[in-house]
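Student:
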Amino acid sequence: MSMDAPEHEDEPSLEGGYDPETVESRWQQRWIDADVYAYDGDEKRDPNTVYSIDTPPPTVSGSLHMGHLYGSTLQDFAARFQRMHDGDVLFPFGYDDNGIASERLTESELDIRHQDYERREFQELCREVCQEYEDEFTEKMQDLGTSIDWNNTYKTIEPRVQRISQLSFLDLHEKGREYRKKAPAIWCPDCETAISQVEMEDDERGSHFNDIAFELASSDAPREEFVISTTRPELIPACVSVFVHPDDEDNQDLVGETARIPIFGHEVPIIEDERVDMEKGSGVVMCCTFGDQNDIEWYQAHDLPLRVAIDESATMTDLAGDYEGMSTEEAREAIVEDLEDEGYLRDRREITHAVQVHERCDTAVEYRVSKQWYVEILDHKEEYLEAGREMDWYPEKMFSRYEHWIEGLEWDWLISRQRDSGIPFPVWYCGDCDEPIMAEREALPVDPLSDEPPVDSCPECGHGEFVPEEDVFDTWATSSLTPLINAGWDWDAESESFTMDNPELYPFDLRPQGHDIISFWLFHTIVKCYEHTGEVPFDATMINGHVLDENREKMSKSRGNVVEPDKVLSEYPVDAVRFWAASAAVGDDFPYQEKDLTAGEKLLRKLWNASKLVDTLAPAHPDEPAELEAIDRWLLAELDDAVADLTAHLEDYEFAKARDRLRTFFWNTFCDDYLEIAKTREDNPSTQYALRTAHRTFLELWAPFLPHATEEIWQAVYVNDGADLDESSIHVRDWPAPQGYEADLEAGETAMEVISALRRYKSENQLPLNADLESVAVYGSIEGFEDAIQHVMHVQELTVLAEQPEITTEVAEIDLDYSTLGPKFGSKVGEIDAGIESGEYEIDEEEGVLRVAGEELADELFEVELERTYSGDGEMIETESAVVILE
Ligand SMILES: [Zn+2]
Ligand SMILES: [Zn+2]
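Residue numbers for the sequence shown follow this note's numbering, so the first one is 361 and each next one is one higher.
1. Would you tell me roughly how many angstroms separate the C-alpha atoms of A365 and G376, rounded to the nearest one?
2. Where does K1252 land, buried or exposed, given buried means 16+ other C-beta within 10 angstroms?
3. What does a CB cutoff of less than 8 angstroms around E1157 pick up in its chain, not counting 5 residues either side in sequence?
4. Would you mind reading off the limits of the alpha helix (DSSP H) that contains E340?
5. Report yes if the C-beta distance between V928 and L429 is below 9 angstroms; otherwise report no.
6. How about N846 and D531: do their beta carbons lie closer than 9 angstroms?
7. By DSSP's criteria, W547 is part of a beta bridge. Which residues make up the other side?
8. Excluding five sequence neighbours on each side, which residues of the same chain lie with their C-beta closer than 6 angstroms to the C-beta of S1046?
9. Is it buried or exposed, V946, if we count other Cβ atoms within 10 angstroms and call 16 or more buried?
10. Can you find a heavy atom of ligand 2 that lies under 8 angstroms from the Cβ of G427?
11. For D807 and P784, I'd like the C-alpha separation in whole angstroms.
12. When every heavy atom of ligand 1 is checked, does at least one fall within less than 8 angstroms of the C-beta of H474?
13. For T859, count the other beta carbons within 10 Å of its own beta carbon; 16 or more makes it buried, fewer makes it exposed. Which is it?
14. With the cut-off set at 9 angstroms, would you say V725 and L666 are in Cβ contact?
15. DSSP on T419, reduced to helix/strand/coil?
16. Since E1225 and A1162 are thought to touch, with beta carbons under 8 angstroms apart, how far apart are those beta carbons, to the nearest angstrom?
17. With a cut-off of 8 angstroms on the beta carbons, I'd call W940 and G920 a contact; round off their distance for me.
18. Can you grab the Cα-Cα spacing for the pair L882 / D663, in whole Å?
19. Using 10 angstroms around the beta-carbon of H474, count the other beta-carbons present and answer buried if the total reaches 16, otherwise exposed.
20. As an exercise, report each continuous alpha helix (DSSP H) stretch of at least 4 residues that is fully enclosed by the stretch 1046-1086, in chain order.
21. For V668, which residues from the same chain have a beta carbon less than 8 angstroms from its beta carbon, with the 5 sequence-adjacent residues on both sides left out?
22. Examine ligand 3 and report whether any of its heavy atoms sits within less than 8 angstroms of the Cβ of H718.
23. Please determine if the stretch 1107-1120 and the stretch 1032-1041 are in contact, where contact requires at least 3 C-beta pairs separated by less than 8 angstroms.
24. Closer than 6 angstroms from C-beta to any heavy atom of ligand 2: which residues, in chain order?
25. Let me make sure I understand the geometry here. Which of A1218, T1053 and E1235 has the alpha-carbon closest to that of N1125?
26. Which of the three DSSP states is assigned to K515 in this structure?
27. Are there three or more Cβ pairs, one per stretch, closer than 8 angstroms when the stretch 1176-1185 is compared with the stretch 1140-1154?
28. Identify, in the order they occur along the chain, each residue of the same chain with its Cβ nearer than 6 angstroms to the Cβ of I695, setting aside the five sequence neighbours on each side.
29. Looking at T618: is its Cβ nearer than 9 angstroms to the Cβ of A577?
30. Tell me, please, which residues DSSP counts as bridged to D909.
31. Taking the beta carbon of A936 as the centre, do at least 16 other beta carbons fall within 10 Å, making it buried, or is it exposed?
32. Quick one: does the C-beta of I524 sit closer than 8 angstroms to a heavy atom of ligand 1?
33. Once DSSP output is grouped into helix, strand and coil, what is the label at I877?
34. Would you list the one or two residues that DSSP bridges to T1159?
35. If you draw a straight line from the alpha carbon of S1231 to that of E1170, how long is it in whole angstroms?
36. Among all the DSSP beta bridges, which residues are the ones paired with E1170?
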C-alpha cells in the first residue's frame, strides 16, 4: 500500500494518509497487552448474557492456510458483534496436537519412523515438533487481529485435557456406552492402526476386473467350472466361501457344491445368500476374510473361518505361499500372471472404481480382526438426530449433511488407535482372565505403561499381574470434548459428581466450523456431550464454506493454485482481507478475489478521509440542538434504520448482508450525499450534531469488520490521552441502538436525489456549487425537505409540481435482427429499412408486431428504443423517483 505515513507512529492520529502497516500491528499488540478481549471467568456471570464460542482447535500438521484465516475471521465477526451487543464473550483458542496428524508431522519433519522409538521417547519428539509449529501459528493468528482471548487457550495433549479425556472414557464405560471387542475393523496399513468409519473416504482409482475360473471339487458336479470377477485377485488365498443369490436360476446348480481355489488348491463351500449382487459379473462371488464390508457380514452370518493373507502393513502372509512377503500390489500382478499361465484367467478389463482410502494418507484400507474399544452409537442414532434438530443451523441447509451422515452409519465408533502420540487408555487387563481394570478418577491422568493399576489383585479371579493397555485414543475422542474443556469440566471427588468451573458457558452459544468436518467434529461432540450431560452442547452452529481460487477451483498443492495467507497479508491490510471474508454468504464455498481486497482498501481510505472531513466540519462533542433540521433528522432516522437492519443481520450470522448494507449506506448516502451537503452548512449546529452522531455510529458499526482502522480513528478523535485501553477501546463499547429519530425516509431519499441531480448539473455546467439557481420545479414526494433543497443548492424559487410535466415518449430507433430477417425476407429487407427510415411503419403493441412495407415482423425480429423528451420551458433532469425542471 502506498499511503503516507503519519507523523507520530506511536500515537493514534488522523494526520496524513492511513498507514495500515503501522496501525494494525500497533493495535494487535496493545489489545493483547491490555487484555481487551479477556473473559474473566472468576466473576459471577449470567448465563443469559454470556456468549460462548467453541472454536475449532487447528490440527498441528502444518502452517496457517486460507481456510484458517477465513474461518477465524468469521468467528471474530460474531465475537466482536456479540461483545459490543451483549457484553461478555468467551472466544478461546486451542491446538489439537495429539493423534495421527501430529505424529505423521513429526515423522516427516525429523525423517524418522515411530516404530523405531519407545512410546515416551517418540511422544517427547512430537511435543517438541508441535511446540515449534504452535508458536509460529500463534504468532500468525495474532497478526490477524482477531479478538481471541489469549489467556484462554488449551492443547489437547496437556495434562488437564488428558484428565478430561480419560474421565470421559471412564464415564461412558460406567454408563454402558463403551465395549471392547475382537472383531473385524477398518485398518490403515500405512498408519498401521485401526480407524473409524468417518476416516474412510472414496477415491476414484484405475483397476482391472479379472474373470477367474474356479473348478468344482467333486467328480459328479453338475459342471466343471464357474467364473468369478474380482478386482482383488490377491485375496484368493483368503477365500473362505463362494456365494450365489437364491433367485439366480443360472447358478442354482452350484449351491451345495464345493469349489477349488485356483493355484492355492484349498476347497470352500458354495452357499446361497440374498446379499449377492446378481448384476455384478457372473453373479457368483467369492468371500474372503476380508475384502470388504460384505465379507464381514457373511463371515459373521455364516460363521466362516478366518483366513488372514494380508498382515497389518499390507504384506502377504505365509498363507499366500509363494507370494509371502510381497505387497498386495505386487501379489496382485504376480497372481494374475500365474492364473494366466495356468489357464484360469478368462478375461481382464480396465475399470475405474471407488476405492475406500484413509483420509489422512490416501492408503486403501483393509479389514483386520483385532481387539478394539468402541463407543456404542448405532443404537442412539435417533437421539443424535433429534439433538441436531434442536440446534439452529447457519445456514439451515447444512443440517442435511449431518442427517445423511447419521443415516449412513454402519459402525460403532472405534476409538482405540495403535499409535504412539495420543492420550492413553486408563486401563489395565488381568494377566489371567483379561478383566479390564479401570483407573480411579482421582488419579487421572494416568499412563498405564508407567503407572500402577489401582488394585493388587484381579477382582474377578484374584490374579496379581496386569497388562497395561498400549493403545491411545482416537484424536476425535478428545477434540469432541472441547465444550467441556472450555467450560472446565471435572470430577469432584468430595461431592462425587461432575462439575464445571464456568457452568455459565455451557451449553455454548456457537459452534463454528467447516462443512468438511460435520461428520467428524460436530457429530462426535454431540455424541460425547449428550451422553455426558444429557444436553445438546450448542444453541447454534455456523458452518463455513471453503476458500476457492479465483477460478472457483479447489486450492491444492498439486494444482499449484494455493494462495498463501502470508503473501496476501504482505500486500493488503488485514482489514481489507476481512472485508473480503465478509463477502460470501456463510456456508457457501467462495473464491479468493483480489478485487474484493482492493475494494476493502478503497473503503478504508474512504473511512479515513471522511473522518478527516468530519473533523474539520464539526467539534468532536457538539451539543444536541433543541430541534434538528429536516435533512439532519432524516440522516439520523436513516441511520436508525441501518442500525436495526445490521443488528438483525449480525444476529443471524449474515455477515455479507450486513457488510453490503453498511457499505452502501456509508458510501452512497453519507459520503456522497450528506457530506457534500454538510460542507455547505459548516456552522449549522443541527448538521454538526448529526455529523458527529453518524460518524461515531459508523465507527461502531464498522468495528466488527474493520477493527484496526476503527480503533485508530476512534482513539484519535474521541478518546483522551491516558485512558485505559480495556475501557476506552471501541471494541468494548455498547453496540448502537436505534435512537427513535422520525422522518419520512422516502421523501428524504427523493430530496437527496434532487440535490445530487442539481449538484451534477452545476458541475457539468461549470457553475460554482454555491451559485444561485433561479427557479427549480420538482415533481416527486419531497414533503418536508423543500427548505433543505433550497438552502443546500441555493435555489431562489422552488415549486413542487402536483402533476407530472408533459413528457413525450418517442421512438428513437428500431433495431432489426438482420441474421433472421435476411433469410426470411430476402430482397424485401431493403424496403423494410426504407419504410422504417421514412417513418412509414406501425407498431402494434397489443399484438407485439411491427408492420412495415406490407410485411408483419414478429417481436423477436425487432427492438424499439424509446426516448423521453420534455417540450416545456427549461431543462429536465430525471432521477429515480423525481423529475426536476430547471428554468
Ligand atoms: Zn493411514
Ligand atoms: Zn482376572
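Even glycine gets a Cβ: it sits at the ideal position worked out from N, Cα and C.
All of these numbers come straight from a predicted model, not from anything done at the bench.
Tutor: So, from the data block:
1. Because A365 sits at a pLDDT of 45, beneath the cut-off of 50, its placement in the model cannot be relied upon, and the point is left open.
2. With the chain covering only 361 through 1247, there is no way to say anything about residue 1252.
3. E1134, S1135 and V1136
4. Absent from the structure is residue 340, since the part of the chain shown begins at 361 and ends at 1247.
5. yes
6. no
7. A554 and E726
8. P985, L988, E989 and D992
9. buried
10. no
11. 6 angstroms
12. no
13. exposed
14. no
15. strand
16. With a Cβ gap of about 31 angstroms, E1225 and A1162 do not count as contacting.
17. Contact doesn't hold; Cβ gap of about 22 angstroms is too wide.
18. 37 angstroms
19. buried
20. 1067-1078
21. A598, T649, T677, L679, R728 and V729
22. Among the ligands in the structure shown, ligand 3 does not appear; only ligand 1 and ligand 2 can be found there.
23. yes
24. C790, D792, C793, E795, C818, E820, C821 and H823
25. E1235
26. strand
27. no
28. P593 and E594
29. yes
30. Looking at the DSSP assignment, D909 forms no beta bridge with any residue, so it has no partner.
31. buried
32. no
33. helix
34. A1137
35. 12 angstroms
36. E1227
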